[in-house]
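Structure first, then comments.
Chains as they are written, first to last, in my numbering: chain A, 13 to 414; chain B, 2 to 263.
As structure tokens, then:
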């Protein structure tokens, strides 16, 4: 009998060994019931949302103040009307065919929620963008933007003919207006023209709106400072210890869901709120983007001595590091809205694929980032500058595995 | 984000009448006839805006509204762009006329023009896209074409309109109301003058979200459901001064505080 059990375990282990690589190639992660439960609580329980908000806050001032005053309070933002407009992706030169993304129901399963989140990530109207009509024409008389006009603002045409993940939205007053989705800033074309979600785009919102931010950078904080920061790589979100470059929020799936719901409220002047299922589905989807590779890995002696002091976590994530120690600047850390006096040590998931590095969005790769010759133009974060060429090459190769 | 700019923007908005030369411009500050309807003083509570659409119970007149239609003038300054600061360096091909300049082979909607580059030199410039330019003379597809510098990108702008009747987006013809441009543009909205908003109603300009990014985006009637009338009604959020803006989600005016997604 004992032999039979042992043989059975060996067979099971062999099967697991053979099947594991297949599981790791799945495009979406295997979700846990705990994550789905978080979503259930988030949607159904105001006290859960309130606890998640309060538990996520590092500061209770600035950005947090309005949320503390209104979120998950009765009446507060609980009483806001729910925005669920007819909408359609912007397809170059085509008149939109409108429908509602949110039907009012979603099966509470991993597959259904990820699919809802994937669509909402690319189609939910996160930010009004009437200025896009200069590029797109009107919904009734759509224009075919030239490749150069798109390139000038870091926009794109994907393999479905969609423009910059923008959407047409029909509002209660009957108007049709363009809006940006999450993917307008947090997605990028691959070499085949297919849109890859999560990685930062080169979208230059400043050029469209008259601000000098540069591609892949935006200033979203109402703090009286001109302090644009880089659009972050959302594939790393689940691995971050803190949210935002300044690290003013403690990270968790429920904190992310709260943040997404509240930013969709504040971006619309606190007058409407998204369906709560949509907010959670987007968070759940973003959470899934970084689950394709396990975080734990071997660290070289070079990484341990030069990087791990800050990038200490299993995903390379860390706590907030003072701006003096980072050595780049203090603009974002001084923000009255999100400032913490430092910058988070970001998770390193997919770091070699990022088009820009650091919160300032330096348009360089890892090799140049670790090269001290960049310091004249891009000073700060001088860690690893003492490495010789072979050590630097080895560290870059190591980071390419993250 | 530059909060101060919104406040300055409000001042500028209120003063646009003067900014548009001799035109009867869209936005006025106060109206002697309607000022007589003012019942309250200064800083009204955000719920105390009365019925701006019908005038019933209205405590005051919006700071910015458009009592009469404008006729824009036909004047635009020329040669605002310096030819000595091209964002894309000119080619090294010397030229006398455009015919000396071969169009770039890799681009189907590009042109090449001969233009002054520096100190009297004339060199070929490649123009990428139909609206690209390096001088006013390259802007020939509309009225009063001018080559303007949009933070390093030179683009042609044209006067889209001179009177409201030329526009079909619901709003008025905004004299010199182009995006970072002195071109006349048609704006969206649901009114052109106060008269479109019922008797004693008001048609006002609105900024969009994220502060004054992209400036005035349209003109809309005030409604009985509005929760603000002027920017001064929006100083109560605890996150700094806001501004009164039209919300298409609700088809009414409400305070905005510049929140941007992200």
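Yeah, the Cβ is synthetic: ideal placement off N, Cα and C, and Gly gets one too.
How about residue 161 of chain B and residue 184 of chain B: are their beta carbons less than 8 Å apart? For residue 161 of chain B and residue 184 of chain B, yes; Cβs fall inside 8 Å.
Are the Cβ atoms of residue 215 of chain B and residue 183 of chain A separated by less than 8 Å? It is not a contact, given that the beta carbons lie outside the stated cut-off.
In the region 53-126 of chain A, which residue ranges form an unbroken beta strand (DSSP E) of at least 3 residues, counting only runs that do not cross its ends? Counting only runs that start and end inside the region 53-126 of chain A, the beta strand (DSSP E) elements of at least 3 residues fall at 98-103.
Beta-carbon proximity list for residue 251 of chain B, same chain, < 6 Å, skipping 5 on both sides: Closer than 6 Å at the Cβ level, and outside the excluded window around residue 251 of chain B, lies no residue.
Cβ neighbour criterion (16 or more within 10 Å) applied to residue 263 of chain A: Answer is buried; the Cβ neighbour count reaches 16.
Proximity to residue 108 of chain A [Cα-Cα], best of A:81, A:154, A:296: The candidate whose alpha carbon is nearest that of residue 108 of chain A is A:154.
Would residue 144 of chain B pass as a contact of residue 158 of chain B if the rule is Cβ separation under 8 Å? With contacts defined as CB atoms closer than 8 Å, residue 144 of chain B and residue 158 of chain B fail to qualify as a contacting pair.
Would you call the region 187-197 of chain A in contact with the region 158-165 of chain A, where contact means no fewer than 3 C-beta pairs closer than 8 Å? With the cut-off at 8 Å, the region 187-197 of chain A and the region 158-165 of chain A do not touch.
Could you say which of A:247, A:102, A:129 lies nearest to residue 178 of chain A if we only look at CA atoms? The shortest Cα separation from residue 178 of chain A among A:247, A:102, A:129 belongs to A:102.
So, is the C-beta of residue 160 of chain A closer than 8 Å to a C-beta in chain B? So yes, residue 160 of chain A belongs to the interface.
Against chain A, does residue 114 of chain B count as a neighbour if the rule is that its beta carbon must be under 8 Å from one of theirs? Chain A, which has no Cβ nearer than 8 Å to the Cβ of residue 114 of chain B, makes this no.
Positions along the region 125-139 of chain A whose CB lies within less than 9 Å of some CB in chain B: Residues 138, 139.
Give the interface partners of residue 248 of chain B over in chain D, defined as CB-CB distance under 7 Å, in chain order. The displayed structure is made up of protein chains A and B, and chain D is not among them.
Just to confirm the assignment, what range does the alpha helix (DSSP H) spanning residue 403 of chain A have? Looking at the DSSP string, the run of the alpha helix (DSSP H) that includes residue 403 of chain A is 401-411.
For residue 244 of chain B, which of helix, strand or coil comes out of DSSP? Secondary structure at residue 244 of chain B: strand, using DSSP grouped into helix, strand and coil.
With a CB to CB cut of under 8 Å and the five nearest residues on each side skipped, what residues in its chain are close to residue 339 of chain A? Excluding positions up to five away in sequence, the list reads 391, 392, 393, 394.
Which residue marks the beginning of the alpha helix (DSSP H) containing residue 197 of chain A, and which one marks its end? From DSSP, the alpha helix (DSSP H) with residue 197 of chain A extends over 194-197.
When you compare only the Cα positions, how much space is there between residue 98 of chain A and residue 177 of chain B? Cα-Cα distance, rounded: 33 Å.
Extent of the continuous beta strand (DSSP E) run through residue 207 of chain A: Counting along the chain, the beta strand (DSSP E) containing residue 207 of chain A begins and ends at 207-209.
Is it buried or exposed for residue 388 of chain A, if we count other Cβ within 10 angstroms and need 16 for buried? If you draw a 10 Å sphere on the C-beta of residue 388 of chain A, you find fewer than 16 other C-beta atoms in it, and that means exposed.
From which residue to which residue does the alpha helix (DSSP H) around residue 246 of chain A run? For residue 246 of chain A, there is no enclosing alpha helix (DSSP H), as DSSP marks it with neither H nor E.
For the region 128-135 of chain B against the region 167-177 of chain A, are there 3 or more C-beta pairs whose distance is under 8 Å? The region 128-135 of chain B is not in contact with the region 167-177 of chain A.
Taking C-beta pairs closer than 9 Å, name the residues in chain A that residue 181 of chain B reaches, listed in chain order. Residue 181 of chain B reaches chain A at 222, counting residues in chain order whose Cβ is nearer than 9 Å.
Exposure label - residue 167 of chain B; buried when at least 16 CB within 10 Å: The residue is exposed, with fewer than 16 neighbouring Cβ atoms inside 10 Å.
Distance between beta carbons of residue 133 of chain B and residue 124 of chain B, contact taken as under 8 Å: About 16 Å separates the two Cβ atoms, so there is no contact after all.
Going along chain B in order, which residues have a C-beta closer than 8 Å to the C-beta of residue 83 of chain A? Listed by position along chain B, the residues whose Cβ is nearer than 8 Å to that of residue 83 of chain A form an empty set, because the closest Cβ is around 13 Å away.
State buried or exposed for residue 94 of chain A, treating a residue as buried only when at least 16 other CB atoms are found within 10 Å of its CB. Counting of Cβ neighbours within 10 angstroms places residue 94 of chain A among the exposed residues, the total staying below 16.
Whose C-beta lies closer than 8 Å to the C-beta of residue 498 of chain A among residues of the same chain, with five residues either side of it excluded? Since the displayed chain A opens at 13 and closes at 414, residue 498 of chain A lies outside it and no answer follows.
When A:403, A:60, A:402, A:375 are compared against residue 213 of chain A, the one with the closest alpha-carbon: Per the Cα distances, A:375.
Interface residues of chain A around residue 251 of chain B at Cβ under 9 Å? For residue 251 of chain B, the chain A residues whose C-beta falls within less than 9 Å of its own C-beta are 93, 183, 184, 185, 283, 284, listed in chain order.
Per-residue contacts from residue 110 of chain B into chain A (C-beta, under 9 Å): Against residue 110 of chain B, the close residues of chain A are 158, 159, 160, in the order they occur along the chain (beta-carbon pairs closer than 9 Å).
Inter-residue spacing [alpha-carbon to alpha-carbon] between residue 132 of chain A and residue 140 of chain A: In a straight line, the C-alpha of residue 132 of chain A is about 15 Å away from that of residue 140 of chain A.
Taking only the alpha-carbon atoms, compute the straight-line gap between residue 134 of chain A and residue 209 of chain A and give it to the nearest angstrom. Distance from the CA atom of residue 134 of chain A to the CA atom of residue 209 of chain A, rounded to whole angstroms, is 8 Å.
Am I right that residue 175 of chain B and residue 188 of chain B are in contact with their C-beta atoms under 8 Å? What's the rounded C-beta distance? Separation of the CB atoms of residue 175 of chain B and residue 188 of chain B is rounded to 5 Å, and the pair is thereby assigned contact status at 8 Å.
If the criterion is Cβ atoms closer than 8 Å, does the pair residue 263 of chain B and residue 165 of chain A meet it? Contact: no.
For chain B, find out if any of its Cβ atoms is closer than 8 Å to the Cβ of residue 21 of chain A; answer yes or no. Interpretation of residue 21 of chain A is limited by its pLDDT of 46, a score under 50 that renders its predicted location unreliable; the figure taken from the coordinates is listed afterwards. False, the Cβ-Cβ gap to chain B never drops below 8 Å.
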